[in-house]
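Position one of the sequence shown corresponds to residue 28 (my numbering), numbered consecutively onward. Each remark here refers to the structure printed beneath this line.
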Amino acid sequence: MKIVVAPQAFKGTASAVEVSKTICEAVQQRYPDSQVSNIPIADGGGGTVTALVSATGGSYVMSPTLDPLGRRIDAWWGVLGDDQTAVIETAAASGLSLLRESELDPLGATSMGTGLLIRAALEAGYQRILLGLGDSGINDAGVGMARALGVKALDKQGRILPPGGGSLNELDRFDVSDIYPGLFTSEIIALCDVDALLYGENGASVIFGPQKGATAAQVDFLDKALRRFSNVVEVQLGLRVGDVLGGGAAGGLGAGLKAFCGAELQGGFAVISETLGLPSLLDGADFVLTGEGSLDSQTHSGKGVYGVSRLSKGKGVPFVVAIVGSNKLSAGDSRSLGIDQVVSLSELACENDTVNSDTLRMVDLATKKALELFDGINK
């Protein structure tokens with residue numbers, strides 16, 4: 028029997044590597060003679076660097092940078108096994124997890140730290156960069172990132188705008204005279220975990236602004252600011268970024284990367300799964316176990332669990348189970364994503380008050396329940 032285990036991280040509680048290892052151990056205990064593939068995945072959010080570096084036998088680099096509030100921190104990025112490709116997570120320097128709830132600042136948070144990591148990779152000689160855009164705490168259209176690479180955002184008086192997306196309502200033009208020259212010989216691929224547009228009802232501010240601390244009034248203000256950014260980019264640089272799928276990822280960083288770095292925006296899961304060799308591993312699989320922290324209305328917009336399930340069904344895999352922290356979808360909605368069964372850690376905890384709250388212990392119990400479901404359909 029061939030079983031593929033391909034979960035992503037349970038955000039904030041367990042890495043994709045830890046979750047995948049836990050699931051595999053439970054599977055091998057139940058089916059010791061089965062062929063089990065251990066493929067921790069990512070979609071461009073947290074865990075992207077670890078997944079790609081681990082799979083390719085790469086290495087890690089730590090660089091000084093700034094968090095979303097401009098405070099000095101050190102952050103990890105990676106080099107793939109080819110020793111030619113750097114991989115960076117926006118979450119490492121501009122992530123929501125770097126801020127306490129009381130520190131959330133959707134108007135002032137900056138992506139400059141991510142720009143500093145890009146610059147560090149370029150200065151180290153890496154001309155190909157994979158940049159994961161998920162799990163950000165910013166909404167500045169990548170203007171902070173661009174500042175770290177020499178681009179200045181100016182108002183009508185020629186003054187440099189303050190950091191953050193809120194100031195973009197005063198944007199008049201960009202000074203690109205000092206842009207980092209290494210950008211012209213580099214290839215930057217933005218790994219989008221969502222296909223959100225830059226602005227509007229399906230835009231960065233409306234969809235993701237509230238989770239970054241934006242009030243209703245601030246969401247509207249930020250949406251107008253991103254429209255302003257789009258207009259200036261089109262007039263000055265001749266690029267349309269407002270209708271680019273993924274342009275709204277990471278608070279508009281996708282659009283900023285396209286405008287200032289000539290980046291190619293791709294679905295994070297598609298690029299990562301190909302790099303990991305997941306499509307070929309799914310050939311002939313009898314059972315797939317995937318998972319993530321939450322299954323919800325955003326899952327279908329490019330998240331890893333949806334990618335695994337859709338790819339599995341395309342390969343004819345008969346049974347796909349998602350192990351998740353919490354499940355906000357109906358059974359019908361889950362099946363429409365290619366998921367046959369969902370096992371939720373929160374539901375397991377409700378069923379048994381004595382269950383240990385440790386995530387990996389719960390994942391082990393959820394896997395055993397998933398295997399019972401698999402056995403049930405194969406009787």
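Glycine included, every Cβ here is placed at the ideal spot set by N, Cα and C. Small disclaimer: the values here were computed from a predicted structure and weren't measured.
Quiz prompt | C-alpha distance - D247 paired with A231, whole-angstrom precision | solution = 11 Å
Quiz item: Terminal residues of the continuous beta strand (DSSP E) containing G320?
Solution: 314-322
Quiz item: Smallest Cα separation from V351: which of T394, P345, V80, S363?
Solution: T394
Self-check item: Status (buried if at least 16 other CB within 10 Å, exposed otherwise) for P189
Solution: exposed
Exercise. Report the three-state DSSP secondary structure of G334 (helix, strand or coil).
Key: helix
Quiz item: Do I115 and L176 have their C-beta atoms within less than 9 Å of each other?
Solution: no
Practice problem: Starting from the Cα of A168, find the closest Cα among A277, T141, L123, L79 and give me that residue. | Solution: Residue A277 is the option with its Cα nearest to A168.
Quiz item: Candidates D360, Q55, Q238: which alpha carbon is nearest C323's?
Solution: First, the amino acid is wrong: residue 323 is Asp here, not Cys. The candidate whose alpha carbon is nearest that of D323 is D360.
Quiz item: Is it right to say E319 is buried, meaning 16 or more other beta carbons lie within 10 angstroms of its own, or is it exposed?
Solution: buried
Quiz prompt | Cβ pair L218, D270 closer than 9 Å | solution = no
Quiz item: Hey, L316 and I68: beta-carbon distance below 9 Å or not?
Solution: no
Exercise. Count the other CB atoms, across all protein chains shown, that sit within 10 Å of the CB of G71; report buried if there are 16 or more and exposed otherwise.
Key: buried
Quiz item: DSSP three-state call for M89: helix, strand or coil?
Solution: strand
Quiz item: Smallest Cα separation from T117: which of T386, G97, L280?
Solution: The residue with the shortest Cα to Cα distance from T117 is L280.
Quiz prompt | Closest residue to R155 among A173, V106, G122 (Cα-Cα distance) | solution = V106
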